[in-house]
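Quick note, the sequences are listed as chains A and B, same order. Mapping of the first sequence onto our numbering: residues 1 to 323, in sequence order. Mapping of the second sequence onto our numbering: residues 1 to 263, in sequence order.
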Amino acid sequence: MPQIFAYIEHKGGAADDSAAELVAAAKKIDPAASPVAVVTGWGADFDALCNALTALYAEVWKVADASLAYPNAELVRKALAKVVPHDSILLIAHDHFGLDLAPGLAIKLDSTFVSDVVSIEGLDGGFLKVVRQEYGGQVSTHVRCDVSSGAVVNIRPGAFKPVESAPVNGKVIDKSSQVGALSAGRRYLETFVAESGDVDISKQAVLVSIGRGIQEKDNVAIAQELADAMGAAVSCSRPVVDAKWLDKSRQVGSSGQTVKPKVYMACGISGSFQHLAGLKGNPFIVAINKNPKAPIFQVADVGIVDDLLEFLPELTGKIRELK
Amino acid sequence: MEILVCVRRVPDTAENEIELNRAGNDIERDDIVYSVNEWDNYAVEEALQIVAKSGGNVTVVTVGGEDDEEVLRREMAMGANHGVLITDEAFNGSDGRGIATILKAYIQKNKYDLILTGVQAEDGGAQVGGMLASFLDYPFASLVNSIEVLDHNKLKISREIAGGSKEMNEIDLPCVLSIQTGINEPRYVGMRGIRQVASLEIPTYGASDLGLDPNSVGDAAAKVKRTDYFLPALGKGAEILQGSREEIIDSLIGLLKSKGGLK
Chain A
1 MPQIFAYIEH
11 KGGAADDSAA
21 ELVAAAKKID
31 PAASPVAVVT
41 GWGADFDALC
51 NALTALYAEV
61 WKVADASLAY
71 PNAELVRKAL
81 AKVVPHDSIL
91 LIAHDHFGLD
101 LAPGLAIKLD
111 STFVSDVVSI
121 EGLDGGFLKV
131 VRQEYGGQVS
141 THVRCDVSSG
151 AVVNIRPGAF
161 KPVESAPVNG
171 KVIDKSSQVG
181 ALSAGRRYLE
191 TFVAESGDVD
201 ISKQAVLVSI
211 GRGIQEKDNV
221 AIAQELADAM
231 GAAVSCSRPV
241 VDAKWLDKSR
251 QVGSSGQTVK
261 PKVYMACGIS
271 GSFQHLAGLK
281 GNPFIVAINK
291 NPKAPIFQVA
301 DVGIVDDLLE
311 FLPELTGKIR
321 ELK
Chain B
1 MEILVCVRRV
11 PDTAENEIEL
21 NRAGNDIERD
31 DIVYSVNEWD
41 NYAVEEALQI
51 VAKSGGNVTV
61 VTVGGEDDEE
71 VLRREMAMGA
81 NHGVLITDEA
91 FNGSDGRGIA
101 TILKAYIQKN
111 KYDLILTGVQ
121 AEDGGAQVGG
131 MLASFLDYPF
141 ASLVNSIEVL
151 DHNKLKISRE
161 IAGGSKEMNE
171 IDLPCVLSIQ
181 TGINEPRYVG
191 MRGIRQVASL
201 EIPTYGASDL
211 GLDPNSVGDA
221 AAKVKRTDYF
231 LPALGKGAEI
241 LQGSREEIID
251 SLIGLLKSKG
261 GLK
């Protein structure tokens with residue numbers, strides 16, 4: 001059985017949610033697994049973070065270096081290539097950092113790369129059997145991966161629920177001396193934090209949210225009229241922002257805002273995992289979509305299969321009549 | 001600046017309902033509408049905007065078969081100077097690493113300052129760009145949503161990170177960047193534009209042209225293989241409201257009232 005490692009992302013001295021999810025994923029590969037955490041960083045909070053991780057991991061491999069104070073994937077990749085044994089299975093969150101780090105790391109470790117895993121069926125000899133999704137979640141595939149010479153496996157955030165267990169009281173092992181001097185052809189400069197726009201969608205109780213199905217900019221007014229009639233605000237999914245029909249501050253999802261409304265009207269939104277990742281607090285979800293196979297219908301409470309450009313104005317009219 | 005953009009032809013999820021084929025080993029591909037992978041189209045537009053300011057050429061490349069030539073022509077109609085089709089029976093069944101191996105072999109026979117891919121493909125998982133950069137020992141950045149040319153050997157780029165924030169980086173050329181949607185507004189291509197490039201020659205390269213060992217690519221080398229396709233578990237699934245539109249609206253309004261959705 002190969003040793004399983006988990007790369008731990010962290011910010012401001014706190015581990016990312018994926019720290020616990022990767023333990024759950026490791027247990028799906030092998031119920032008896034005792035995964036090793038690998039964490040890179042520097043600074044005042046870093047030792048405390050490593051110590052906190054011993055509640056989840058029996059071993060925490062600490063790589064402390066001033067060059068790793070900000071997680072530049074180009075530097076982290078070089079550090080991990082020196083520290084992580086090539087024949088191991090390394091789990092990484094499939095997020096903005098994991099996408100940057102992992103594919104190239106698999107090449108440097110000369111191991112197999114498995115992207116965006118949503119479910120794990122287990123290890124059979126040298127083969128790992130996992131489930132992935134394609135076409136925005138419309139279909140799934142079983143994927144058989146030869147991990148006999150090691151693997152880097154990216155795990156979709158939120159797909160593996162942390163398992164409740166007693167703290168494992170692990171130990172921190174300092175691997176910093178293995179890394180040596182690090183440099184890269186990409187240098188981090190600064191971060192621009194997203195600004196909130198004219199409407200703070202994260203504070204709205206009711207959202208009328210539109211996706212690609214709104215089709216053109218002029219149709220955004222149809223959603224705004226419904227939102228006005230309901231006393232709601234308009235939010236959207238990524239394609240609407242990409243097309244510049246609404247401001248970035250209106251986007252719900254992992255690269256946009258996290259919202260927690262009571263009621264969420266998903267209009268012409270297919271329901272990609274990146275979009276759903278921004279929807280918290282178990283809202284009542286109404287999905288309106290003309291494609292009966294849209295993944296949004298899997299997570300919605302109520303579904304309406306109809307053309308939203310006709311349905312929404314009629315709904316708006318009826319709500320106005322009732323006032 | 002010489003820019004290479006790696007593109008792919010994929011089933012268009014905006015135009016098709018994706019269904020399984022009868023054998024369950026692929027999606028149903030009869031009567032399906034294909035188009036250029038959405039992310040790749042943004043990458044081509046970005047390359048065109050860079051050469052418009054800084055000079056140079058844009059080459060679009062794809063690994064595939066003769067059907068895939070249409071996406072090269074579409075991107076040439078947008079303004080790409082050259083199209084290159086990399087095609088060989090030996091490439092069939094390549095996994096992400098195999099595609100990156102093939103592209104690396106092509107790139108090493110040419111000279112590009114900047115290589116762009118889309119962040120991901122509809123049926124992929126954001127693999128090839130990062131692998132290609134590591135094979136070439138070039139710097140890499142994913143999820144790029146702005147590019148500024150600083151000088152002939154450096155770019156300033158931003159990456160999309162959590163919550164819509166932007167991470168600014170300086171990156172040395174040559175490098176590989178994976179381009180996020182929304183970085184620009186890709187120009188429209190009409191039928192007329194596509195007709196104008198219809199007769200342009202698109203060179204093709206196979207395994208032997210690129211000096212590739214057929215055993216290092218294709219199905220034989222693939223360590224990641226799909227075994228079957230299936231429909232995702234429905235979870236609890238939505239209650240689909242039935243009846244006339246009027247009846248549906250009445251029941252929806254009742255539900256919205258009870259859930260606090262109407263003020």
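Note that CB positions come from ideal geometry on N, CA and C, so glycine has one too.
Check: Pair within 8 Å by beta-carbon distance, L262 (chain B) and S251 (chain B); Outcome: no
Check: Paired residues, beta bridge with D31 (chain B) - DSSP; Outcome: D31 (chain B) pairs with nothing; no bridge assigned.
Check: The stretch 190-198 of chain B touching the stretch 70-81 of chain B, judged by at least three CB pairs closer than 8 Å; Outcome: yes
Check: Contacts of V240 (chain A) in chain B (Cβ-Cβ under 9 Å); Outcome: Under the 9 Å cutoff, chain B gives no residues; its nearest Cβ is about 10 Å from V240 (chain A).
Check: Nearest-angstrom beta carbon gap, Y34 (chain B) and F139 (chain A) [assumed within contact, 8 Å]; Outcome: The identity of residue 139 (chain A) in the sequence shown is Val, whereas the question assumes Phe. That belief does not hold up - the Cβ atoms of V139 (chain A) and Y34 (chain B) are roughly 16 Å apart, past 8 Å.
Check: Backbone CA spacing between Y57 (chain A) and A47 (chain B) [nearest angstrom]; Outcome: 45 Å
Check: Unbroken stretches of the alpha helix (DSSP H), 4 residues or longer, contained in the stretch 16-103 of chain B; Outcome: 38-54 and 69-78
Check: Assigned secondary structure, E74 (chain A) (DSSP; H/G/I helix, E/B strand, else coil); Outcome: helix
Check: Contact list for the stretch 211-225 of chain B against chain A, Cβ threshold 8 Å; Outcome: K223, V224 and K225
Check: Partner residues on chain A for Y229 (chain B), Cβ-Cβ distance less than 9 Å; Outcome: E134, V139, S140, T141 and H142
Check: From B:I99, B:A126 and B:V10, residue whose alpha carbon lies closest to that of I155 (chain A); Outcome: B:A126
Check: Per-residue contacts from I269 (chain A) into chain B (C-beta, under 8 Å); Outcome: The contacting residues do not exist; I269 (chain A) stays about 13 Å from chain B at best.
Check: Buried versus exposed call for S183 (chain A) [16 or more other C-beta atoms within 10 Å across all chains shown]; Outcome: exposed
Check: Segment contact flag, the stretch 173-180 of chain B with the stretch 112-131 of chain B, C-beta cutoff 8 Å, min 3 pairs; Outcome: yes
Check: Sequence ranges, beta strand (DSSP E) only - wholly within the stretch 204-289 of chain A, length at least 3; Outcome: 206-210, 233-236, 263-267 and 284-288
Check: Whether H142 (chain A) touches T204 (chain B) by CB criterion (8 Å); Outcome: no
Check: Interface residues of chain B facing D116 (chain A) [CB-CB closer than 8 Å]; Outcome: G125 and A126
Check: Cβ-Cβ separation, V252 (chain A) to L246 (chain A) (assumed contact under 8 Å), whole Å; Outcome: Not confirmed; about 11 Å, so no contact.
Check: Meets three-Cβ-pair contact criterion under 8 Å: the stretch 98-114 of chain B and the stretch 27-37 of chain A; Outcome: no
Check: Neighbour list for R187 (chain A) in chain B, Cβ cutoff strictly below 7 Å; Outcome: N169 and E170
Check: The stretch 98-105 of chain A in contact with the stretch 163-172 of chain A per 3-pair CB rule at 8 Å; Outcome: no
Check: Cβ neighbour criterion (16 or more within 10 Å) applied to A93 (chain A); Outcome: buried
Check: For F160 (chain A), the first and last residue of its enclosing alpha helix (DSSP H); Outcome: Careful: F160 (chain A) lies outside any alpha helix (DSSP H) and carries neither H nor E.
Check: Start and end residues, beta strand (DSSP E) containing L4 (chain B); Outcome: E2 to C6
Check: Limits of the unbroken beta strand (DSSP E) element including Q133 (chain A); Outcome: F127 to E134
Check: Assigned secondary structure, E246 (chain B) (DSSP; H/G/I helix, E/B strand, else coil); Outcome: helix
Check: Minimum Cβ-Cβ distance from S35 (chain B) to chain A less than 8 Å; Outcome: no
Check: Status (buried if at least 16 other CB within 10 Å, exposed otherwise) for D213 (chain B); Outcome: exposed
Check: Whether L80 (chain A) touches S67 (chain A) by CB criterion (8 Å); Outcome: no
Check: Helix, strand or coil at L8 (chain A) [DSSP, three-state]; Outcome: Checking the displayed sequence, the identity of residue 8 (chain A) turns out to be Ile instead of Leu. Coil.
Check: Check whether V208 (chain A) and A181 (chain A) have beta carbons under 8 Å apart; Outcome: no
Check: CB contact flag (A300 (chain A), I285 (chain A), <8 Å); Outcome: yes
Check: Beta carbon of A205 (chain A) nearer than 8 Å to that of P261 (chain A); Outcome: yes
Check: Range of the contiguous alpha helix (DSSP H) that encloses A52 (chain A); Outcome: F46 to L53
Check: Three-way DSSP call (helix, strand, coil) for I161 (chain B) in this model; Outcome: coil
Check: Chain-ordered neighbours of M131 (chain B) on chain C, where CB pairs are closer than 8 Å; Outcome: Among the protein chains of the structure shown, namely A and B, there is no chain C.
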